[in-house]
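Student: I have a structure here, written as structure tokens, and I will follow up with some questions on it.
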Amino acid sequence: MTTRLERNVTYGILALFTVIALTPVIGILSTAFGSQSSLDTGFSTPKDGLHWSNFTDAWSRGHFGTYLGNSVLVTAVVVAATTVLAILAAYAFGVMRFPGSTVLFHLFVIGLTLPQEALIVPLYFDLRYAELTDSYWALILPQTAQSLAFGVFWMRTYFRGSARAVIEAARIDGANTWTTLWRVLVPMGRPAISTMVVITFMWTWNEFLMALVMVSDEAHRTVPLGLAFFQGQHSSDAALLAAASVLIALPVVVVYVALQRRFIEGMLGGAVKE
Amino acid sequence: MRLAALTRAYRRRAPGEPRAIGYLYILPALIVYAVFLLYPFGQSVWLSFVHWDGLTVATPAGFDNYRALFTDPSLRAPFLHALLLLVFYAALPVAIGLLLAAVMTRARVRGMTFFRTVLFLPQVLALIVVGVAWRSILAPDGLLNDVLRAVGLGGLARPWLGDYTWALPAVGVVGTWVGTGLCMVLFLAGAQRIPRELYEAARMDGAGPLREFRTVTLPGLRPQIAVALTLTIVAGLRNFDLIYITTSGGPGNATSVPAYEVYHRAFESNQVGSAAAVGVALTVLIFVLTVTVSRLVEGRRA
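Taken in order, these protein sequences are the chains called A and B.
The first sequence begins at 1 in the UniProt record's numbering and counts up one residue at a time.
The second sequence begins at 1 in the UniProt record's numbering and counts up one residue at a time.
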């Protein structure tokens, strides 16, 4: 039905925006393999072979090995805690009836639009008072709380949609609520759960403000914070800066390319209230 | 009819069986959520009514901190910047997203998955990384200026992020780059739900691509447009990372936004009460804008 001209225009538009979307990404990749002596603060291209040493330098000289370790630890704990707590709460919201459940659920959903900036100031003073700043707890606990808004909302949708018949069958078989949840509903809900895991992983891994405020010693820096400081100190070292950026982006991009449907579903689902 | 409505109302009120044990399941999440999110938000509201430097004793401020949002230019400007940035962070991504989704839906595009994956990619990158990449593009000797010089427009070249007039739009463009793919993906999903018959009817009436878009696609995507605007507005107003890494609010305070002002006041210039008021005002602004959007775009159903 569509004309040849229209097809060409379509591909032209798509090509243009693909180039725009990829230019910064390719620019950083290319600079990451370039030579370190370049004084250009813009992008560079590797003229004399690929300098893999930029990555090892960023790893050791920029201490990104330590930062990556911190990010892995914080992200793993936040994702695990969010997953377990959100499943428990969403299960109750989704399949049980008790007074106040609607109000409590809405309390959780508020967290989806509440900006971090409205919490960060008292959080810092509270955690400092508790002598928890400059510790992993100062990153883990607030980020778990913030991820729970999405987790509870997302998993409740799953539990509400999961077949009533399955739950009743489990009960007739003598399963109590606890075993029904872990033996029946959680195994069945693996797609929904993995979407939540992937989204929480990305948000926690990329989180910056919390780390900037809560952490002042180098030992607890996460990768985005490390990159910000690295840029402050070595802004002339474009190749190292780019290599460090690649190290940070790579884990999320790999997961994204592998599981892009789960990613997109979750990110869109997070804001779509019923 | 009455009965059906009653049953429906009953079902909505009763998602499951009555179980007091539900409280136990909710308790762990509720404790973490209350202690590290709800309680701090309450404290923010309290802090916004005091003068406090973070060290000495806080003194009551009444509405001083809120009044200053309107009278103090250094507080008014960040909110105006944020609203202006919404053109880049929300309006443009929705417009470009509509264009992309429209052309992709109309002509059967090969490599759909490829385009969708690539165009959505900016969404998954850490904003700090995005900021580092775009700093290189917008630098005085960066890609943008190189291209301008190459095509003979060297006169337009400038240090984009250091220019009083251009720094804010420059940061805005980065926001457009981040948000466009998200909108496109939302609209693609929405367009698939528009009944094919509507398109066939439009074509029978001799509608061209433009009229087809205006009469079929656009009305069909109303709910998705509301969601896209809500998402991009919330993300745009919350955005701290991009400003911090690209301009730190500068030059002067030409690119300062409320999110940056909260950080700056609380942790760099010891005006904790004022910072809290900015945070609370930002929350109210987000709330008002998202409610307005769903009213306007989705109509009364929202």
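Just so it is clear, CB atoms sit at the ideal spot from N, CA and C, and this is done for glycine as well.
Measuring straight from C-alpha to C-alpha, what distance separates Ala-157 (chain B) and Thr-83 (chain A)?
Tutor: Counted from its first residue, the second sequence places residue 157 (chain B) at position 157. Counted from its first residue, the first sequence places residue 83 (chain A) at position 83. So the two alpha carbons sit approximately 49 Å from each other.
Student: Got a sec: is the Cβ-Cβ distance from Val-121 (chain A) to anything in chain B below 8 Å?
Tutor: Residue 121 (chain A) sits at position 121 when you count from the first residue of the first sequence. Output row for Val-121 (chain A): interface = yes.
Student: Going along chain B, which residues have a C-beta under 9 Å from Leu-141 (chain A)?
Tutor: As a position in the first sequence, residue 141 (chain A) is number 141, starting the count at 1. Going along chain B in sequence order, the residues near Leu-141 (chain A) (Cβ under 9 Å) are Val-32, Val-35 and Phe-36.
Student: Hey, is Phe-240 (chain B)'s beta-carbon within less than 8 Å of any beta-carbon in chain A?
Tutor: Start at 1 with the first residue of the second sequence, and residue 240 (chain B) comes out as number 240. Yes, contact with chain A.
Student: Out of B:Gln-43, B:Phe-63, B:Trp-177 and B:Gly-206, state which residue places its alpha-carbon closest to the alpha-carbon of Pro-24 (chain A).
Tutor: Locating residue 24 (chain A) in the first sequence gives position 24, where the first residue counts as 1. Checked all of B:Gln-43, B:Phe-63, B:Trp-177 and B:Gly-206; the closest Cα to Pro-24 (chain A) is B:Trp-177.
Student: Would you say Ala-20 (chain B) reaches chain A, if we count a Cβ-Cβ gap shorter than 8 Å as a contact?
Tutor: Looking up residue 20 (chain B) in the second sequence gives position 20. Yes, because at least one Cβ of chain A sits closer than 8 Å to the Cβ of Ala-20 (chain B).
Student: Leaving aside the five residues before and after Pro-251 (chain B) along the sequence, list all residues of the same chain whose C-beta is less than 7 Å from its C-beta, in chain order.
Tutor: Locating residue 251 (chain B) in the second sequence gives position 251, where the first residue counts as 1. Taken in chain order, the residues that qualify are Gly-162, Tyr-164 and Ala-167.
Student: Tell me the rounded alpha-carbon separation between Leu-125 (chain B) and Ile-172 (chain A).
Tutor: Indexing the second sequence from 1 puts residue 125 (chain B) at position 125. Indexing the first sequence from 1 puts residue 172 (chain A) at position 172. So the alpha carbons of these two residues sit roughly 48 Å apart.
Student: Can you check which of these residues, B:Glu-200, B:Ile-194, B:Arg-211 and B:Gly-208, is closest to Arg-222 (chain B) by C-alpha distance?
Tutor: As a working note, residue 222 (chain B) is residue 222 in the second sequence. Of the candidates B:Glu-200, B:Ile-194, B:Arg-211 and B:Gly-208, the one whose C-alpha sits nearest the C-alpha of Arg-222 (chain B) is B:Ile-194.
Student: Between the Cα of Ala-228 (chain A) and the Cα atoms of A:His-63, A:Pro-46, A:Val-109 and A:Val-19, which residue gives the shortest distance?
Tutor: The count along the first sequence starts at 1 and reaches residue 228 (chain A) at position 228. Considering only alpha carbons, the answer is A:His-63.
Student: Does Gln-36 (chain A) have its Cβ less than 8 Å from a Cβ in chain B?
Tutor: Indexing the first sequence from 1 puts residue 36 (chain A) at position 36. It does not; no Cβ of chain B falls within 8 Å.
Student: Hey, could you find the ends of the alpha helix (DSSP H) Leu-250 (chain A) is sitting in?
Tutor: Sequence index remark: in the first sequence, residue 250 (chain A) carries index 250 (1-based). Counting along the chain, the alpha helix (DSSP H) containing Leu-250 (chain A) begins and ends at 238-258.
Student: At a Cβ cut of 9 Å, what residues of the segment 188-202 of chain B count as close to chain A, listed as they run along the chain?
Tutor: Correct list: Ala-189.
Student: When the distance is taken between beta carbons, is Leu-237 (chain B) closer than 8 Å to Val-171 (chain B)?
Tutor: Here residue 171 (chain B) refers to the residue found at position 171 of the second sequence. Here residue 237 (chain B) refers to the residue found at position 237 of the second sequence. No, the pair does not count as a contact, with Cβ atoms beyond the cut-off.
Student: With 16 other CB atoms within 10 Å as the buried threshold, where does Trp-205 (chain A) fall?
Tutor: Along the first sequence, one-based indexing puts residue 205 (chain A) at 205. Classification for Trp-205 (chain A): buried.
Student: Using a cut-off of 9 Å between C-beta atoms, extract the partners of Gln-43 (chain B) located in chain A.
Tutor: As a working mapping, residue 43 (chain B) is identified with position 43 in the second sequence. Those within 9 Å of Gln-43 (chain B) in chain A are Leu-119, Val-121, Pro-122, Leu-123, Phe-125 and Asp-126.
Student: Which class does Arg-108 (chain B) belong to by DSSP, given the choice of helix, strand or coil?
Tutor: Locating residue 108 (chain B) in the second sequence gives position 108, counting from the first residue. Correct three-state label for Arg-108 (chain B): coil.
Student: Less than 7 Å between C-beta atoms, sequence neighbours within five positions excluded: which residues of the same chain meet that for Thr-75 (chain A)?
Tutor: Position 75 of the first sequence, counted from the start, is the residue given in the question as residue 75 (chain A). Taken in chain order, the residues that qualify are Phe-201, Thr-204 and Trp-205.
Student: Tell me, which residues are paired with Pro-60 (chain B) by DSSP?
Tutor: Here residue 60 (chain B) refers to the residue found at position 60 of the second sequence. B:Val-50.
Student: Among A:Val-186, A:Ser-216 and A:Asp-48, which has the Cα closest to the Cα of Phe-267 (chain B)?
Tutor: In the second sequence, the residue the question calls residue 267 (chain B) occupies position 267. Closest option to Phe-267 (chain B), Cα to Cα, is A:Ser-216.
Student: Can you list, in chain order, the residues of its chain whose CB lies under 7 Å from that of Arg-262 (chain A), leaving out five sequence neighbours each side?
Tutor: Taking the first residue of the first sequence as 1, we reach residue 262 (chain A) at position 262. Closer than 7 Å at Cβ, skipping near neighbours: Ser-194, Thr-195 and Val-198.
Student: In chain A, which residues lie with their C-beta within 7 Å of the C-beta of Pro-209 (chain B)?
Tutor: Taking the second sequence and counting its residues from 1, the one referred to as residue 209 (chain B) is at position 209. Those within 7 Å of Pro-209 (chain B) in chain A are Glu-6.
Student: Residues of chain A with CB closer than 8 Å to the CB of Ser-274 (chain B), please, in chain order.
Tutor: In the second sequence, counting from the first residue as 1, residue 274 (chain B) sits at position 274. Within chain A, no residue comes near Ser-274 (chain B); the closest Cβ sits about 10 Å away, beyond 8 Å.
Student: Can you say whether Ser-235 (chain A) is buried or exposed, counting buried as having 16 or more other CB atoms within 10 angstroms of its CB?
Tutor: Position 235 of the first sequence holds residue 235 (chain A). Classification of Ser-235 (chain A): exposed, given that the 10 Å Cβ count is below 16.
Student: Within 8 Å of any Cβ in chain B, is that where the Cβ of Pro-46 (chain A) sits?
Tutor: In the first sequence, the residue the question calls residue 46 (chain A) occupies position 46. Judged by the 8 Å Cβ criterion, Pro-46 (chain A) is not in contact with chain B.
Student: What residues in the segment 202-215 of chain A bring their beta carbon closer than 9 Å to a beta carbon of chain B?
Tutor: Against chain B - using a Cβ distance shorter than 9 Å - the residues of the segment 202-215 of chain A are Met-202, Trp-205, Asn-206, Glu-207, Phe-208, Leu-209, Leu-212 and Val-213.
Student: Rounded to whole angstroms, what is the Cα-Cα separation between Ala-145 (chain A) and Leu-212 (chain A)?
Tutor: If you number the first sequence from 1, residue 145 (chain A) lands on position 145. If you number the first sequence from 1, residue 212 (chain A) lands on position 212. If you take the alpha carbons of Ala-145 (chain A) and Leu-212 (chain A), they lie about 18 Å apart.
Student: So, is the C-beta of Leu-259 (chain A) closer than 8 Å to a C-beta in chain B?
Tutor: For the purposes of this step, residue 259 (chain A) is taken as the residue at position 259 of the first sequence. False, the Cβ-Cβ gap to chain B never drops below 8 Å.
Student: Excluding the 5 residues preceding and the 5 following Leu-240 (chain A) in the sequence, name in chain order all residues of the same chain whose CB lies nearer than 8 Å to its CB.
Tutor: For the purposes of this step, residue 240 (chain A) is identified with residue 240 of the first sequence, where counting begins at 1. Once the five neighbours on either side are set aside, the close Cβ partners of Leu-240 (chain A) are Gln-36, Asn-54, Asp-57, Ala-58, Arg-61, Gly-62, Phe-230 and His-234.
Student: Which residue comes first and which comes last in the alpha helix (DSSP H) that contains Tyr-164 (chain B)?
Tutor: Start at 1 with the first residue of the second sequence, and residue 164 (chain B) comes out as number 164. No alpha helix (DSSP H) holds Tyr-164 (chain B); DSSP gives it neither H nor E.
Student: On a Cα-Cα basis, can you pick out the residue from B:Val-174, B:Glu-197 and B:His-51 that is closest to Glu-92 (chain B)?
Tutor: In the second sequence, counting from the first residue as 1, residue 92 (chain B) sits at position 92. First, the residue type needs correcting, since residue 92 (chain B) is Leu and not Glu in the sequence shown. Among B:Val-174, B:Glu-197 and B:His-51, the Cα nearest to that of Leu-92 (chain B) is on B:Val-174.
Student: At a Cβ threshold of 8 Å, is Val-293 (chain B) touching chain A?
Tutor: For the purposes of this step, residue 293 (chain B) is identified with residue 293 of the second sequence, where counting begins at 1. Not closer than 8 Å to any Cβ of chain A, the Cβ of Val-293 (chain B) fails to qualify, so no.
Student: Output yes or no for whether 8 Å exceeds the beta carbon distance between Pro-18 (chain B) and Arg-160 (chain A).
Tutor: On the second sequence, residue 18 (chain B) is found 18 positions in, with the first residue counted as 1. On the first sequence, residue 160 (chain A) is found 160 positions in, with the first residue counted as 1. Taking 8 Å as the Cβ cut-off, Pro-18 (chain B) and Arg-160 (chain A) do not qualify as a contacting pair.
Student: Does the beta-carbon of Trp-52 (chain A) have 16 or more other beta-carbons within 10 angstroms, so that it is buried, or is it exposed?
Tutor: Counting from one through the first sequence, the residue named residue 52 (chain A) turns up at place 52. Burial call: exposed.
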